[in-house]
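Enquirer: Line by line, the protein sequences give chains A and B.
The first sequence: position 287 = 356 (this note's numbering), numbered continuously.
The second sequence: position 136 = 205 (this note's numbering), numbered continuously.
A virtual CB, placed ideally from N, CA and C, is assigned to each residue, including glycine.
Handing you a structure now.
Number of protein chains: 2
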Amino acid sequence: MRIRLYAALSLCLILLGIAPKLARGADFVPLPAIAPIPENNTMTQEKIELGKMLFFEPRLSGSNWISCATCHNPVFGYTDRIPRALGHGMAEGPRNTPTVLNAAFLNLQFWDGRAKTLEEQALGPIQAGVEMNQKLDLAVQTLKGIPEYVSRFKRVFGEEDPIKQENLAKAIAAFERTLITPNSPFDRYLQGDKQALSEKAQKGMALFIKKGCVDCHAGPILSDSDFHAIIVPGSTDLGRYTVTKNEAEKHAFRTPTLRNVELTAPYMNNGSVPDLDLAVKLMGREALGLELSEEETGDMVSFLKSLTGEQPRFDYPILP
Amino acid sequence: MRIRLYAALSLCLILLGIAPKLARGADFVPLPAIAPIPENNTMTQEKIELGKMLFFEPRLSGSNWISCATCHNPVFGYTDRIPRALGHGMAEGPRNTPTVLNAAFLNLQFWDGRAKTLEEQALGPIQAGVEMNQKLDLAVQTLKGIPEYVSRFKRVFGEEDPIKQENLAKAIAAFERTLITPNSPFDRYLQGDKQALSEKAQKGMALFIKKGCVDCHAGPILSDSDFHAIIVPGSTDLGRYTVTKNEAEKHAFRTPTLRNVELTAPYMNNGSVPDLDLAVKLMGREALGLELSEEETGDMVSFLKSLTGEQPRFDYPILP
């Protein structure tokens with residue numbers, strides 16, 4: 070029955086002449102089981118475990134109260150479910166917290182792409198005044214004062230004096246590379262299980278391709294890792310321009326991943342869009358110049374919800 | 070060999086005439102596998118799961134950023150490893166965060182015992198201006214706006230309009246009753262495994278009894294749930310007096326549990342004592358009028374570290 074429906078739907082689409090656009094579906098790739106691992110930061114179980122401890126370690130912050138996991142909160146898909154990040158002193162930062170889930174597949178980190186690797190990214194929020202507000206050398210000193218960290222860093226890095234910024238970043242990045250979410254309904258569909266997506270989600274996927282969303286949201290995490298300027302309510306943020314000073318990149322932000330987007334509301338660089346329905350309509354209007362109908366929007370949201378994968382599961386670290 | 074040593078040690082103690090004090094060892098009780106469950110809040114798996122979600126739920130706070138788990142942080146034995154609690158606006162509260170681990174065995178909650186039950190306790194920090202800073206009716210409204218909570222509360226409480234303060238408290242308390250830490254070396258020793266404690270820890274245990282620590286730190290969680298005034302550096306806090314206005318209870322605080330005390334530094338009502346070594350010496354001096362030697366202190370610390378039990382293990386809740 071479903072197969073016949075699918076065949077009929079495919080035929081309609083071909084008749085409507087959108088077959089070439091549907092071919093863009095080839096831009097969809099199931100999420101790989103393992104994230105790319107850089108040559109200079111091999112993964113080991115002990116390094117991942119150390120990185121997990123550091124990710125949850127409030128003593129890396131100036132207040133000893135805020136850890137990476139405070140804003141990249143596992144209960145909210147490694148985000149904070151508020152418009153703009155809160156941090157040191159409960160001050161509000163300028164941007165919405167991006168998820169760490171599958172960030173290992175991005176070519177550039179942060180909304181403005183100012184870090185190339187997870188290693189480079191990891192040290193930013195520790196130092197930022199409105200985030201963890203700690204000097205890196207003080208964070209390193211703190212860790213050196215905790216014997217269990219000394220022995221763990223030694224075991225992991227095999228160096229005489231292993232607690233240093235570079236290794237702190239490497240351990241956190243190694244842990245973050247494990248935060249991937251395979252086997253979403255979308256992935257299972259791509260791998261051949263045509264039952265994995267509802268008809269509504271399948272219609273949404275066809276629309277996602279036909280309307281051109283896939284032009285930017287493609288590849289394993291549905292992001293081109295490139296920059297686009299979209300008019301977002303209330304945002305005056307210069308985005309990529311703050312990094313490159315390139316006039317053409319004013320207000321441009323790196324395309325966010327859509328994986329687990331259901332878990333990472335609110336949306337846009339300033340978190341001004343509270344739900345997926347509004348996010349889809351906004352992107353239709355501002356990115357594609359289209360007014361999407363209620364039905365189209367609903368179908369698209371159904372598709373977007375199929376991008377929620379298996380969440381990472383692990384025991385809390387018990388910190389020394 | 071160990072048995073002979075033990076027999077010899079026992080004989081020495083009897084010869085020294087301290088056998089009557091050692092009989093106080095009978096005040097030691099292994100941690101029960103299940104905490105007492107009140108008749109009006111039966112435990113079900115679904116209620117525990119809901120309570121876990123609420124314990125990790127930042128949207129119960131005025132800022133949508135702070136949850137019970139922020140200060141009762143699982144990585145630090147359900148405390149925050151700082152002297153005095155931080156909360157809303159990152160303001161500092163007046164007291165050290167007590168652990169939730171095994172709190173289900175206490176007869177009175179909070180340092181000043183102002184709540185009798187976990188249910189009564191649970192609603193306090195949500196409202197406190199220096200903690201989560203939220204009005205309870207707003208917290209209830211927030212939950213009512215999240216469909217998954219509506220259906221979960223209905224399933225758990227079987228009521229028409231189940232999201233209310235009372236049930237919020239009941240669910241959180243039900244989860245907290247699962248936060249117990251059995252099978253510490255101390256428990257295994259009490260249950261007959263004489264190898265479970267090192268000789269140093271056994272000497273510490275004997276001292277703990279002989280010196281009189283056990284007069285207040287007895288029972289399954291090594292607390293008499295009673296109030297005692299101890300001079301603590303820097304503390305001007307009136308403690309139990311703020312609840313009872315009883316002059317005799319000025320500066321008195323409820324005896325804290327010693328279970329998992331290794332994980333819950335710093336110590337005392339104002340968190341002014343950074344480590345166990347200093348805590349043991351301070352208590353010897355102020356509570357018992359004794360100057361403990363370095364060796365005695367070391368033995369006692371060894372014993373206290375044997376009170377660390379198996380930590381609760383569970384997957385993070387994924388919040389709706």
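(1) Could you work out which residues of chain A lie near residue 385/B, taking near to mean beta carbons separated by less than 7 Å?
(2) Is residue 260/B buried or exposed, if buried means 16 or more other CB atoms sit within 10 Å of its CB?
(3) In chain order, what are the residue ranges of uninterrupted beta strand (DSSP E) at least 3 long that sit wholly in the region 284 to 346 of chain B?
(4) Where do the ends of the alpha helix (DSSP H) carrying residue 244/B lie?
(5) Who are the neighbours of residue 158/A on chain B, taking C-beta pairs under 7 Å?
(6) Does DSSP put residue 184/B in a helix, a strand or coil?
(7) In chain B, what lies closer than 7 Å to residue 125/A by C-beta?
(8) Leaving out the 5 sequence neighbours to the left and right, which residues in its chain are closer than 8 Å to residue 285/A when beta-carbon positions are compared?
(9) Ignoring anything shorter than 4 residues or poking outside the region 126 to 163 of chain A, list the alpha helix (DSSP H) runs there in chain order.
(10) Among 202/A, 165/A, 98/A and 371/A, which one has its Cα closest to the Cα of residue 174/A?
(11) Just mark residue 207/B as buried or exposed, buried being the case when its beta carbon has 16 or more other beta carbons within 10 Å.
(12) Looking at the structure shown, is residue 210/A part of a helix, part of a strand, or coil, going by DSSP?
(13) At a CB-CB cut-off below 9 Å, which residues of chain A make contact with residue 132/B?
(14) If I measure Cβ to Cβ from residue 256/B and keep anything under 6 Å in the same chain, skipping five residues before and after, which residues do I get?
(15) Is residue 380/A close to chain B? Criterion is C-beta to C-beta, closer than 8 Å.
(16) Taking 7 Å as the line, does the beta carbon of residue 286/B fall inside it for any heavy atom of the ligand SAH?
(17) I think residue 244/B touches residue 124/B, with their Cβ atoms under 8 Å apart; what is that distance to the nearest whole Å?
(18) Can you find a CB in chain B that lies within less than 8 Å of the CB of residue 376/A?
(19) Between residue 388/A and chain D, is any beta-carbon pair separated by less than 8 Å?
(20) Using C-beta distances below 6 Å, list every residue in its chain close to residue 166/A, excluding the 5 sequence neighbours before and after it, in chain order.
(21) What distance in whole Å lies between the Cβ atoms of residue 250/A and residue 328/A, which are believed to be in contact at a cut-off of 8 Å?
(22) By alpha-carbon positions, which one of 214/B, 211/B, 340/B and 171/B ends up nearest to residue 300/B?
(23) Considering residue 113/A, what are the terminal residues of the alpha helix (DSSP H) in which it resides?
(24) Where DSSP assigns a beta bridge to residue 178/A, which residues make up the other side?
(25) Are any of the Cβ atoms in chain B nearer than 8 Å to that of residue 371/A?
(26) Using CA coordinates, which residue listed in 354/B, 178/B, 195/B and 159/B is at the minimum distance from residue 282/B?
(27) What residues in its chain sit with their C-beta under 7 Å from that of residue 386/A, if we drop five residues either side in the sequence?
(28) Within 10 angstroms of the Cβ of residue 306/A, are there 16 or more other Cβ atoms? Answer buried if so, exposed if not.
(29) Are the CB atoms of residue 342/A and residue 361/A nearer to each other than 8 Å?
(30) Determine the burial state of residue 271/A: buried for a count of at least 16 other Cβ atoms within 10 Å of its Cβ, exposed for fewer.
(31) Suppose you measure from the CA of residue 258/B to the CA of residue 335/B; what does that come to, to the nearest Å?
(32) Can the beta-carbon of residue 190/B be found closer than 8 Å to that of residue 197/B?
(33) When you compare only the Cα positions, how much space is there between residue 129/B and residue 376/A?
Expert: Once the coordinates are examined:
(1) Here the question's residue 385/B lines up with position 316 in the second sequence. Per Cβ cutoff of 7 Å: 143 and 144.
(2) Looking up residue 260/B in the second sequence gives position 191. Exposed is the call here.
(3) 296 to 298 and 321 to 323
(4) Within the second sequence, the letter at position 175 stands for residue 244/B. 234 to 245 is the span of the alpha helix (DSSP H), which, as asked, contains residue 244/B.
(5) Indexing the first sequence from 1 puts residue 158/A at position 89. Going along chain B in sequence order, the residues near residue 158/A (Cβ under 7 Å) are 159.
(6) Position 115 of the second sequence, counted from the first residue, corresponds to residue 184/B. Reduced to three states, the DSSP call for residue 184/B is strand.
(7) Taking the first residue of the first sequence as position 1, residue 125/A is located at position 56. By Cβ distance, chain B contributes 144.
(8) Position 216 of the first sequence, counted from the start, is the residue given in the question as residue 285/A. Within the same chain, residue 285/A has close Cβ partners 292, 293, 295, 297, 324 and 356.
(9) 137 to 140
(10) Mapped onto the first sequence, residue 174/A falls at position 105. If we check each option's Cα against that of residue 174/A, 98/A comes out closest.
(11) Position 138 of the second sequence, counting from 1, holds the residue named residue 207/B. Residue 207/B should be labelled exposed.
(12) For the purposes of this step, residue 210/A is taken as residue 141 along the first sequence, with counting starting at 1. Here residue 210/A sits in helix by DSSP.
(13) Reading the second sequence from its first residue, position 63 is the one you call residue 132/B. Per Cβ cutoff of 9 Å: 151, 155 and 159.
(14) Walking along the second sequence from the start, residue 256/B turns up at place 187. Answer for residue 256/B: 99 and 100, listed in chain order.
(15) Here residue 380/A refers to the residue found at position 311 when the first sequence is read from its first residue. It does; some Cβ of chain B falls within 8 Å.
(16) In the structure on display, the ligand SAH does not appear, and there are no ligands present to speak of.
(17) Numbered from 1 along the second sequence, position 175 holds the residue referred to as residue 244/B. Numbered from 1 along the second sequence, position 55 holds the residue referred to as residue 124/B. Going by Cβ atoms, the distance from residue 244/B to residue 124/B rounds to 5 Å, so yes, they are a contact pair.
(18) Numbered from its first residue, the first sequence carries residue 376/A at position 307. Cβ-Cβ to chain B under 8 Å: no for residue 376/A.
(19) Absent here is chain D; the protein component of the structure consists of chains A and B.
(20) Working through the first sequence from its first residue, we reach residue 166/A at position 97. Excluding sequence neighbours, residue 166/A sits near 140, 148, 149 and 154.
(21) Your numbering for residue 328/A matches position 259 in the first sequence. Your numbering for residue 250/A matches position 181 in the first sequence. Yes, they are in contact, since the Cβ atoms of residue 328/A and residue 250/A sit about 6 Å apart, within 8 Å.
(22) Locating residue 300/B in the second sequence gives position 231, counting from the first residue. Checked all of 214/B, 211/B, 340/B and 171/B; the closest Cα to residue 300/B is 340/B.
(23) Looking up residue 113/A in the first sequence gives position 44. No alpha helix (DSSP H) contains residue 113/A, which DSSP labels as neither H nor E.
(24) Position 109 of the first sequence, counted from the start, is the residue given in the question as residue 178/A. Answer is 184/A, bridged to residue 178/A.
(25) In the first sequence, the residue the question calls residue 371/A occupies position 302. Taking Cβ atoms only, chain B never reaches closer than 8 Å to residue 371/A, which makes this a no.
(26) Counting from 1 along the second sequence, the entry for residue 282/B is found at position 213. Looking at the Cα atoms, 354/B is the closest of the given residues.
(27) Taking the first residue of the first sequence as position 1, residue 386/A is located at position 317. Same-chain partners within the cutoff: 121, 122 and 125.
(28) Position 237 of the first sequence, counting from 1, holds the residue named residue 306/A. Label assigned to residue 306/A: buried.
(29) Residue 342/A sits at position 273 when you count from the first residue of the first sequence. Residue 361/A sits at position 292 when you count from the first residue of the first sequence. Cβ distance not < 8 Å, so residue 342/A and residue 361/A don't count as in contact.
(30) For the purposes of this step, residue 271/A is taken as residue 202 along the first sequence, with counting starting at 1. Buried.
(31) The sequence position of residue 258/B within the second sequence is 189, counting from 1. The sequence position of residue 335/B within the second sequence is 266, counting from 1. Each residue's Cα considered, the two are about 27 Å apart.
(32) Here residue 190/B refers to the residue found at position 121 of the second sequence. Here residue 197/B refers to the residue found at position 128 of the second sequence. No, they are not a contact pair.
(33) Here residue 129/B refers to the residue found at position 60 when the second sequence is read from its first residue. Here residue 376/A refers to the residue found at position 307 when the first sequence is read from its first residue. Cα-Cα distance, rounded: 28 Å.
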